[in-house]
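Asker: Just so you know, we're using our numbering here: the sequence shown kicks off at 1 and counts up by one.
This is the structure I have questions about; it appears just below.
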Amino acid sequence: MFVLHVALQGCLRGSDVVYGLTADTGGHIRYLLDLVGASARDEAVTRIVMATRLFHGAPGPDYAVPEERIADKVGLVRLASASPGYRSKEEMHGEVESYAENLVAWIGRQPHPPDIVHAHYAEAAAVAAIVEERLGIPFVFTAHSLGRVKAAMLGEAAIRPELTRRIATEEAALARASLVVASSRDEAEVQYGSYASYDPGRVRVLPPGSDLARFSASRPHPRVDATINRFLREPDKPPLLALARPVARKNLAALVRAYGESPELQEHANLVIVAGTRDDIDALDGDMAATLRDLLVLIDRYDLYGRVAYPKTHRPDDVPAIYAYARERGGLFVNPALNEPFGLTLLEASAAGLPLVATDSGGPNDIVETCGNGLLVDPRAPASIAAACLHILTDDAFRAACVVGGARAAAAYDWDRHAARYHALLAALLARTPPLRSPRQLLICDIDNTLVGCESALATFRRWRSRQTGLAFGVATGRSFHSAMAVLEQQESPRPQVMITSVGSEIYHLDANGVTYTADAAWRAAVSDGWDREGIDTALGRLDGLVPQGPLEQRGHKLSFFGDGETAQRVRERLSQAGLTANVIHSHGRYLDVLPATASKGSAVDHVRGLYGLPERAVFVAGDSGNDVEMLRDRAQAIIVANYSDGLASHAALAHSYVARASHARGIIEGVLHFRRAVAYAASATTA
């Protein structure tokens, strides 16, 4: 497989990238280089080329070199466009047509064309769309950051023409790309969700990896220590460390305000801000000069001299030692960005042994949930940032738990694992294996603790599933579509033909290309009838014992809470008193979901059965917990796996179910075989 990456923005080269050299030379370049490095280790990938712009003059002669060999099967090509000099992302739209022409010509000179193009940022997607139109090569898209998110930060009154143009380009990219790669659920479900072209079934969450070994093994370096300590009166105090380019969206000013307005925090810690590399503030690109001046003004206003370090330069290979500096003094890492699409520095800091205080907008939600390595804060609330920092600094047990959680980052965010999922998706897009359109049977199973939870059982299920030629396979889960798909692909589950998600309130069907999914519009219309989400939310406000789950767990047709069985009953009573109809589902003793009255896993399975025109005896369902009750109750061929919870096997409404002796996915197979034998026996008895 030959993959062509198109990345027009910033100053890209194969090694020794000077991050922060321009406002656009940032994390997306690091992401691309690390992805390419991991891809090159896969034998299925035969060639990788990164295509970027060729330009002359500042920032230097390296970016006018037409070709750069990076590794045996990896190269970088620089192609000219209309303008000879460097162009910022705000100016890049003027280069699209000319660059695309040169890229098409370059592809025509290759012995074999690329199998697929991967576009990074919207203007690269505009180039890729021209290539696809001319040459028929499909493309995938990674936005890295989005114009609508920036617009929301700035406020409508501050939106400039170039931002409006960028958003329109992103809309076109989302509409055209064969697949959209997101780094986090927040990006996939919230950030992209604000676009008219948003199609959740064409977005996949693939968390980036990170080369964390050098950070977990990081050690202090005297030279690095000296560049920081020269600013500080008490250099042995724990530092609050921030490491980011000095651009407005990184919101470093909020951290300075949080520190400056909290004498208690100043008593406990120093503040260390490593904000790119500069010779002269006036020479900085974009809004970096203004951002740095704002920081200096705040430092002066709060008279923080001797307590704040802001070194002028650092080398890329100094970063592990910077983290080690903070770790050795009992410090922590702070990311106060207004939005952080992913947050590689969070993983690096965690691997180096630093607890986190991070923005609650973007990828840090996934990282902190996965690793349990810190606290999320509202980046617009300096008092909340200060309080979170103080909590970690003063609660030794909590700090220790964050450090332990951070050590899990290397396993959770691994580039080789990312590349394996990425390549599987690309290969599947190229193979275009369609789903089974006229199945003879249908199997729908829960995911957590049913399909997954035992690696060897899932491996057995994969082999068994590959032999079931007339069986359509699907899942029914409380997870959102993107959360469910991430788990299934990480576990290398067979790809479901149908996905019933968010406890049955959403249904997605596999497209003809065998990779992307389309939401079931008829089901959405059915569950919308009589659903008063706002009224229900208001009616349940401040109900004792009812605690909302995180924002990402709230869906258009699902409100999710934590609460015990008694709380679930009080929810039903409160809704009845308010004259509101809803389906209240309680599971695992603590999860409480409120859905439209017509929505459940059971009714969703029946909807899918009707679409396939299958009789009742052709449908199998399998589950393990309380949120599977309605699905199991409504189907004659219901399977309860051996590792069930919530007293499922003794539930009065599930007496007809088959309780497997095997757990997890082996229990699913056992149950299907049991019911098939029963049907075969009944048929033979009738014939006799």
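Every residue gets a Cβ at the ideal spot worked out from N, C-alpha and C, and that includes glycine.
With DSSP collapsed to three states, give me the class of Glu101.
Answerer: Locating residue 101 in the sequence shown gives position 101, where the first residue counts as 1. Of the three classes helix, strand and coil, the one that applies to Glu101 here is helix, per DSSP.
Asker: Does the beta-carbon distance from Ala337 to Thr359 come in below 8 angstroms?
Answerer: Locating residue 337 in the sequence shown gives position 337, counting from the first residue. Locating residue 359 in the sequence shown gives position 359, counting from the first residue. Closer than 8 angstroms, so yes.
Asker: With respect to the alpha helix (DSSP H) encompassing Ala575, which residues constitute its N-terminal and C-terminal limits?
Answerer: Walking along the sequence shown from the start, residue 575 turns up at place 575. For the sequence presented, residue 575 should be read as Leu rather than Ala. Element bounds for Leu575: 565-577.
Asker: Report, in whole angstroms, the separation of the C-beta atoms of Ala429 and Ile116, which I expect to be a contact under 8 angstroms.
Answerer: By one-based count along the sequence shown, residue 429 stands at place 429. By one-based count along the sequence shown, residue 116 stands at place 116. The question names Ala, but residue 429 is Leu in the sequence shown. Confirmed, about 7 angstroms.
Asker: With respect to the beta strand (DSSP E) encompassing Gln441, which residues constitute its N-terminal and C-terminal limits?
Answerer: Counted from its first residue, the sequence shown places residue 441 at position 441. Here the beta strand (DSSP E) through Gln441 covers 441-445.
Asker: Over what stretch of residues does the alpha helix (DSSP H) that includes Ala129 continue unbroken?
Answerer: For the purposes of this step, residue 129 is taken as residue 129 along the sequence shown, with counting starting at 1. Run containing Ala129: 122-135, per the alpha helix (DSSP H) assignment.
Asker: Taking Gly363 and Ser645 to be in contact with their CB atoms under 8 angstroms, please state how far apart those CB atoms are, rounded to whole angstroms.
Answerer: Your numbering for residue 363 matches position 363 in the sequence shown. Your numbering for residue 645 matches position 645 in the sequence shown. Between Ser645 and Gly363 the Cβ distance is about 31 angstroms, and since that is not below 8 angstroms, they are no contact.
Asker: Looking at the strands, I want to know which residues DSSP matches up with Asp593.
Answerer: Position 593 of the sequence shown holds residue 593. According to DSSP, which records beta bridges pairwise, Asp593 is partnered with Ser560, Ile585.
Asker: Gln491 to Ser81, Cα distance in whole Å?
Answerer: Looking up residue 491 in the sequence shown gives position 491. Looking up residue 81 in the sequence shown gives position 81. Distance between the alpha carbons of Gln491 and Ser81 is about 43 angstroms.
Asker: For the segment 443-453 and the segment 397-416, state whether three or more C-beta atom pairs, one from each stretch, are separated by less than 8 angstroms.
Answerer: As far as the Cβ criterion goes, the segment 443-453 does not touch the segment 397-416, which means the pair count is below three.
Asker: Between Pro114 and the ligand MN, is there a pair consisting of the residue's CB and a ligand heavy atom that are separated by less than 7 angstroms?
Answerer: Only the bare structure without any ligand can be found here, which leaves the ligand MN out of the picture.
Asker: Would you kindly report the start and end of the unbroken alpha helix (DSSP H) that includes Val45?
Answerer: As a first step, residue 45 must be located in the sequence shown, where it is residue number 45. That residue, Val45, is in no alpha helix (DSSP H); it is neither H nor E in DSSP.
Asker: Could you tell me if Glu234 is buried or exposed, where buried requires 16 or more neighbouring beta carbons within 10 angstroms of its beta carbon?
Answerer: Indexing the sequence shown from 1 puts residue 234 at position 234. Exposed is the call here.
Asker: Check whether the segment 471-489 touches the segment 534-542, taking contact to mean three or more Cβ pairs, one atom from each stretch, closer than 8 angstroms.
Answerer: Too few Cβ pairs lie closer than 8 angstroms, so no.
Asker: Can you name the start and end residues of the beta strand (DSSP E) that Ala472 belongs to?
Answerer: If you number the sequence shown from 1, residue 472 lands on position 472. Taken as a continuous stretch (DSSP letters only), the beta strand (DSSP E) holding Ala472 covers 471-476.
Asker: Taking all protein chains shown into account, decide if Tyr121 is buried (16 or more other Cβ within 10 angstroms of its Cβ) or exposed.
Answerer: Locating residue 121 in the sequence shown gives position 121, counting from the first residue. Per the 10 Å Cβ criterion, buried.
Asker: Which two residues bound the contiguous alpha helix (DSSP H) that contains His391?
Answerer: For this step, residue 391 is matched to residue 391 along the sequence shown. Where His391 is concerned, the enclosing alpha helix (DSSP H) stretches over 382-394.
Asker: Going by the beta-carbon positions, is the gap between Tyr325 and Pro220 smaller than 8 angstroms?
Answerer: Within the sequence shown, numbered from 1, the residue matching residue 325 stands at position 325. Within the sequence shown, numbered from 1, the residue matching residue 220 stands at position 220. Closer than 8 angstroms, so yes.
Asker: What residue range is occupied by the uninterrupted beta strand (DSSP E) comprising Pro239?
Answerer: The residue labelled residue 239 in the question sits at position 239 within the sequence shown. First-last of the beta strand (DSSP E) with Pro239: 239-243.
Asker: Cα-Cα, which of Asp34, Thr313, Gly589, Ser600 is closest to Ser625?
Answerer: Mapped onto the sequence shown, residue 625 falls at position 625. Nearest C-alpha to Ser625: Gly589.
Asker: Give a yes or no on contact between the segment 584-598 and the segment 503-517, applying the rule of three or more CB pairs nearer than 8 angstroms.
Answerer: Enough Cβ pairs lie closer than 8 angstroms, so yes.
Asker: Determine the DSSP secondary structure at Ala177, reduced to helix, strand or coil.
Answerer: Your numbering for residue 177 matches position 177 in the sequence shown. Residue state, collapsed to three classes: coil.
Asker: Could you check what DSSP says for Asn339 in three-state terms: helix, strand or coil?
Answerer: Locating residue 339 in the sequence shown gives position 339, counting from the first residue. Correct three-state label for Asn339: coil.
Asker: Taking Ile70 as the reference, which of Leu12, Gly26, Asn102, Phe55 has the closest Cα?
Answerer: In the sequence shown, residue 70 corresponds to position 70, counting from 1. The residue with the shortest Cα to Cα distance from Ile70 is Leu12.
Asker: Tell me the rounded alpha-carbon separation between Ile273 and Ala321.
Answerer: Counting from 1 along the sequence shown, the entry for residue 273 is found at position 273. Counting from 1 along the sequence shown, the entry for residue 321 is found at position 321. Distance between the alpha carbons of Ile273 and Ala321 is about 14 angstroms.
Asker: Rounding to the nearest angstrom, what Cα-Cα distance links Leu559 and Ser603 in this structure?
Answerer: In the sequence shown, counting from the first residue as 1, residue 559 sits at position 559. In the sequence shown, counting from the first residue as 1, residue 603 sits at position 603. Approximately 18 angstroms between the Cα atoms of the pair.
Asker: Can you tell me which residues form a DSSP beta bridge with Glu67?
Answerer: Position 67 of the sequence shown, counted from the first residue, corresponds to residue 67. Val77, per the DSSP bridge assignment.
Asker: Can the beta-carbon of Ile299 be found less than 8 angstroms from the beta-carbon of Val357?
Answerer: Position 299 of the sequence shown, counting from 1, holds the residue named residue 299. Position 357 of the sequence shown, counting from 1, holds the residue named residue 357. It is not a contact, given that the beta carbons lie outside the stated cut-off.
Asker: Going by DSSP, what residue range makes up the alpha helix (DSSP H) through Asn449?
Answerer: Here residue 449 refers to the residue found at position 449 of the sequence shown. First-last for Asn449: undefined, no H or E at that position.
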